[in-house]
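Report on the following structure.
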Amino acid sequence: MNGKFDQSKGVFSRRALLKATAGAVVAQLAPGFVRAAPKEIPIGVVVGLTGSSADYGRDAHRAFQVVVDRVNQSGGIRSLGGAQIKLVVADHQSDLRVTSSETERLITRENVLGILGWAASGPARVGSEVSERYQVPAIDTSVDYMLTERNLKYFYCAAINTRQTVERAVKFVREMEQASGRPVKRVAILHEDLAYGTGAGDLFKSAIGKISDWQLVDRIAYTASRLTEATGIVNKLKAEKVDVVFQASYPADGVLIQRAMKQLRLNLFANIHPAGAPPNLQFVGNLKKDANYVLTTLGWTPSMVKKLPAGAKATVDAYMARFKVAVQDQAGYSLSAAAAMVAALEKIKSPDRAALWHAINDIDLTFGEDPNVIIPFGVKWGEKHDNVKAQPVVAQILDQQLTVVAPKEMASKSPVVPPPTWDKRS
Numbered sequence: 001m002n003g004k005f006d007q008s009k010g011v012f013s014r015r016a017l018l019k020a021t022a023g024a025v026v027a028q029l030a031p032g033f034v035r036a037a038p039k040e041i042p043i044g045v046v047v048g049l050t051g052s053s054a055d056y057g058r059d060a061h062r063a064f065q066v067v068v069d070r071v072n073q074s075g076g077i078r079s080l081g082g083a084q085i086k087l088v089v090a091d092h093q094s095d096l097r098v099t100s101s102e103t104e105r106l107i108t109r110e111n112v113l114g115i116l117g118w119a120a121s122g123p124a125r126v127g128s129e130v131s132e133r134y135q136v137p138a139i140d141t142s143v144d145y146m147l148t149e150r151n152l153k154y155f156y157c158a159a160i161n162t163r164q165t166v167e168r169a170v171k172f173v174r175e176m177e178q179a180s181g182r183p184v185k186r187v188a189i190l191h192e193d194l195a196y197g198t199g200a201g202d203l204f205k206s207a208i209g210k211i212s213d214w215q216l217v218d219r220i221a222y223t224a225s226r227l228t229e230a231t232g233i234v235n236k237l238k239a240e241k242v243d244v245v246f247q248a249s250y251p252a253d254g255v256l257i258q259r260a261m262k263q264l265r266l267n268l269f270a271n272i273h274p275a276g277a278p279p280n281l282q283f284v285g286n287l288k289k290d291a292n293y294v295l296t297t298l299g300w301t302p303s304m305v306k307k308l309p310a311g312a313k314a315t316v317d318a319y320m321a322r323f324k325v326a327v328q329d330q331a332g333y334s335l336s337a338a339a340a341m342v343a344a345l346e347k348i349k350s351p352d353r354a355a356l357w358h359a360i361n362d363i364d365l366t367f368g369e370d371p372n373v374i375i376p377f378g379v380k381w382g383e384k385h386d387n388v389k390a391q392p393v394v395a396q397i398l399d400q401q402l403t404v405v406a407p408k409e410m411a412s413k414s415p416v417v418p419p420p421t422w423d424k425r426s
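Per UniProt numbering, numbering through the sequence shown is continuous, rising by one, with the last residue being 426.
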């Protein structure tokens, strides 16, 4: 540094400091000056590794690791001089208070640039309020459609939500009605009475109301924890001569209802769920062949692997080889979230939260082009920051296997709609 140093005081003179500061500014403005790139980019991960949502949190964390390790091993984030992504992980313990405090800790103490999480609807609601307050961009993987109804500026959701699965279910039944030439006249909604079922029931009612030639004859809600048999429910549906049941059940109650449908010979044009019971191993495990022909709309099922583009299939293979488990839907959503975060990081020139937010906001990833995206058909945010490119598939239980039947580019078999009547099933 130029200027005189006052040895008696151990400081530079004021004139020296002013000259030095001016020189530093000039140096930064001069051609050829390069700001040092960060060696690491801290990205927060807030998921439940313990508690009731631990299965989801574990799958999300694994998926984030797969994507980040691939990037780091390939030279890091090139727009930031090859900086390595560092995942700063916090366990929200499936506890809302812990979620709030851990999210805030990562933001204020760990200085994370953005957040990946929370992989469960309750923690996502609480954690996103914290990240919003600090203006930290966050990409979540929870499926509750209400999360993106809050008009948050910095919060995005990569998962397929309940609104999307419900609307796809109604649209699919309409498509099958038109393809078969068999008219659907009377439909019913059947759901458990907690958040999942009630929310799905509301969405079904709204979607069905847009189809003028369908009559919604009943909406039945029940308490899953108190359901010991379902003949009363099914008798009511049979007396009402319903053609289609739009159903939102958990596995145990879904099994009871399906058994009652067989017992009372309730023959339907279609019985379709938004995710819910059918994908769960318990459903087919208990019902065996009686689970056949039930339909569900969902974001991912392992049978989709054979239809994936080569790059996406390689990602699934790498995940399975590393963790010795199949990819479940939460892992699929989390791969999409991490892919979006990485793509946004590649667009920024400095490690700045505002810059990252702008980059995330403009993300448009295409299925088949980004190998980390395994959920059809990519990542792009709608007006409410939900993922409008991610589309649910329709799966049907055929030969006791959950099999994709739509869309055609992902289907392994054709749908069987309407199914055989109960008396004609082997």
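Note that beta-carbon positions come from the ideal geometry of N, C-alpha and C, so glycine has one too. The structure presented is a predicted model; accordingly, all values stated were derived computationally and were not measured.
Please work out which residues of its chain come closer than 8 Å, Cβ to Cβ, to residue i, disregarding the five sequence neighbours upstream and downstream, and give them in chain order.
i, result
"Leu-147", "Ser-121, Ala-124, Arg-125, Ser-128, Asp-140, Phe-155, Cys-157, Asn-161"
"Gln-215", "Lys-185, Arg-186, Val-187"
"Asp-399", "Asn-292"
"Lys-39", "Ala-83, Gln-84"
I believe residue i touches residue j by the beta-carbon criterion, under 8 Å. Please report the beta-carbon distance rounded to the nearest angstrom.
i, j, result
"Glu-177", "Val-184", "5 Å"
"Glu-110", "Gly-57", "Actually they are not in contact, since the Cβ atoms of Glu-110 and Gly-57 sit about 18 Å apart, beyond 8 Å."
"Val-393", "Met-304", "7 Å"
"residue 432", "Ser-131", "Limits of the chain in this structure are 1 at one end and 426 at the other, which puts residue 432 out of reach."
"Thr-301", "Ala-275", "Going by Cβ atoms, the distance from Thr-301 to Ala-275 rounds to 10 Å, so no, they are not a contact pair."
"Ile-375", "Gly-299", "5 Å"
"Ala-207", "Val-173", "10 Å between Cβ atoms; not a contact."
"Val-294", "Gln-258", "7 Å"
"Tyr-196", "Ala-239", "Between Ala-239 and Tyr-196 the Cβ distance is about 27 Å, and since that is not below 8 Å, they are no contact."
"Ile-397", "Val-284", "6 Å"
"Thr-136", "Gly-114", "One point to set straight first is that residue 136 is Val, not Thr, in the sequence displayed. Confirmed, about 6 Å."
"Gly-368", "Pro-309", "4 Å"
"Ala-119", "Ala-60", "4 Å"
"Leu-402", "Pro-278", "7 Å"
"Arg-62", "Phe-269", "40 Å between Cβ atoms; not a contact."
"Lys-380", "Glu-149", "Incorrect: roughly 19 Å between the Cβ atoms, too far for contact."
"Val-112", "Leu-106", "5 Å"
"Ser-243", "Lys-262", "A small correction: the amino acid at residue 243 is Asp; Ser does not occupy that position in the sequence shown. Asp-243 to Lys-262, Cβ: 18 Å. No contact."
Quick one: what's got a C-beta closer than 7 Å to residue i's C-beta in the same chain, skipping five residues either side?
i, result
"Asn-372", "Val-67, Thr-315, Leu-335, Ala-338, Ala-339"
"residue 430", "Residue coverage of the chain in this structure runs from 1 to 426, which leaves residue 430 outside it and unanswerable."
"Ser-414", "Val-405"
"Asn-72", "Gln-84, Ile-85"
"Gly-48", "Ala-54, Tyr-56, Gly-57, Asp-91, His-92, Gln-93, Ser-94, Ala-119, Ala-120, Pro-123"
"Pro-419", "Tyr-293"
"Gln-330", "Tyr-56, Asp-59, Ala-60, Ala-119, Thr-141"
Does residue i come out as helix, strand or coil in the three-state DSSP assignment?
i, result
"Ala-188", "strand"
"Val-112", "coil"
"Lys-324", "coil"
"His-273", "strand"
"Ile-43", "strand"
"Asn-286", "helix"
"Phe-246", "strand"
"Val-404", "strand"
"Tyr-293", "coil"
"Phe-172", "helix"
"Thr-421", "coil"
"Trp-118", "strand"
"Phe-204", "helix"
"Tyr-154", "coil"
"Leu-227", "coil"
"Val-89", "strand"
"Val-373", "coil"
"Asp-329", "helix"
"Gln-258", "helix"
"Pro-72", "The sequence given here places Asn at residue 72; Pro does not occur at that position. Three-state result, Asn-72: helix."
With a CB to CB cut of under 6 Å and the five nearest residues on each side skipped, what residues in its chain are close to residue i?
i, result
"Leu-345", "Ile-77"
"Phe-204", "Val-166, Ile-189, Phe-246"
"Arg-265", "Trp-422"
"Arg-163", "Tyr-145, Leu-203"
"Arg-425", "none"
"Tyr-333", "Thr-141, Ala-158, Ala-159"
"Thr-223", "Asp-193"
So, is residue i buried or exposed, given that buried needs 16 or more other C-beta atoms within 10 angstroms?
i, result
"Leu-281", "exposed"
"Gly-209", "exposed"
"Ser-74", "exposed"
"Val-325", "exposed"
"Ala-179", "exposed"
"Asn-387", "buried"
"Asn-151", "exposed"
"Lys-153", "exposed"
Given 7 Å as the limit, tell me if residue i has its C-beta closer than that to any heavy atom belonging to the ligand PLP.
i, result
"Gln-401", "Although the ligand PLP was asked about, the structure shown includes no ligands whatsoever."
With three or more beta-carbon pairs closer than 8 Å as the criterion, would you say the stretch 350 to 367 touches the stretch 406 to 415? At 8 Å Cβ cutoff, the stretches do not touch.
Decide if the stretch 76 to 95 is in contact with the stretch 357 to 364; the criterion is three or more beta carbon pairs, one per stretch, under 8 Å apart. Touching, no, given that fewer than three Cβ pairs across the two stretches are closer than 8 Å.
Below 8 Å, can you find three or more Cβ-Cβ pairs linking the stretch 214 to 230 to the stretch 190 to 199? yes
Taking one C-beta from the stretch 249 to 260 and one from the stretch 228 to 236 each time, how about it: are there three or more such pairs within less than 8 Å? yes
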